[in-house]
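Undergrad: Please see the structure below; I have some questions.
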Amino acid sequence: MVFYGVVFLLMEGRHKKPLISQMEELDYRTALLIGLFQVLALVPGTSRSGATILGAVFLGCSRTVASEFSFVLAIPVMAGAGLLKLVKTGFQFQPMEWMVLLVGCLSAFLVSMVAVRTLLAYVRRRDFKVFGYYRILLGFMVLLYFWWSGRTLA
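Spelled out as structure tokens, the structure:
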């Protein structure tokens with residue numbers, strides 16, 4: 001967490017004009033490379049969206065394009081994870097359970113749309129420094145927790 005917080009701060013310290021400032025300018029090669037940054041989310045403490053946003057900015061995308069594309073990339077990942085969970089349960093649900101699942105999916109979709117809009121509005125006006133500081137602070141808090149509790153990170 002601390003490492004990626006520092007990377008966010010370093011990224012914001014660069015004053016480089018983005019090569020890609022609109023989603024329509026994103027080509028297949030760049031989109032594929034950004035998608036490959038999702039692999040970094042396998043490292044503990046790495047968020048999928050943080051990894052793809054950093055990757056997109058380093059590949060020349062504006063903050064807004066990087067954030068938008070990161071959310072677009074989440075759609076197949078989340079849909080695949082949900083489908084895998086359904087397959088593992090064998091689709092063995094009672095009618096009421098299907099209704100609860102449907103209401104849960106719908107409410108999650110609506111809340112995520114509000115969250116995405118809010119974050120994109122924030123990113124259009126401000127930088128990612130606050131996220132960098134947040135990750136550094138949270139990372140140190142996690143390290144302190146494990147240090148004080150005598151637990152290991154493994």
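Going by this note's numbering, the sequence shown opens with residue 1, and the numbers climb by one from there.
Glycine residues also receive a C-beta, built at the ideal position from the N, C-alpha and C atoms.
How big is the Cα-Cα spacing for T155 and F69?
TA: Given that the chain is displayed from residue 1 to residue 154, the structure contains no residue 155 and the question cannot be resolved.
Undergrad: I'd like the ranges of any alpha helix (DSSP H) spanning at least 4 consecutive residues and lying wholly in the stretch 26-52.
TA: You should have 28-36.
Undergrad: Please return the same chain residues whose Cβ sits closer than 8 Å to the Cβ of E12, not counting the five positions on each side in sequence.
TA: Excluding sequence neighbours, E12 sits near D127, F128, K129 and G132.
Undergrad: For a cutoff of 8 Å on Cβ pairs, would you count E12 as touching chain B?
TA: Protein chains in the displayed structure number just one, and chain B is not present.
Undergrad: If you draw a straight line from the C-alpha of L101 to the C-alpha of K16, how long is it?
TA: Answer to the nearest angstrom: the Cα atoms are 45 Å apart.
Undergrad: Between Q38 and R29, is the Cβ-Cβ spacing less than 8 Å?
TA: No; because the gap between Cβ atoms is not below 8 Å, this pair is not in contact.
Undergrad: Assuming L54 and F8 make a contact with CB atoms under 8 Å, what is their CB distance in whole Å?
TA: About 7 Å; that satisfies the 8 Å criterion.
Undergrad: For I136, which beta-bridge partners are listed by DSSP?
TA: Paired residues: none, contrary to the question.
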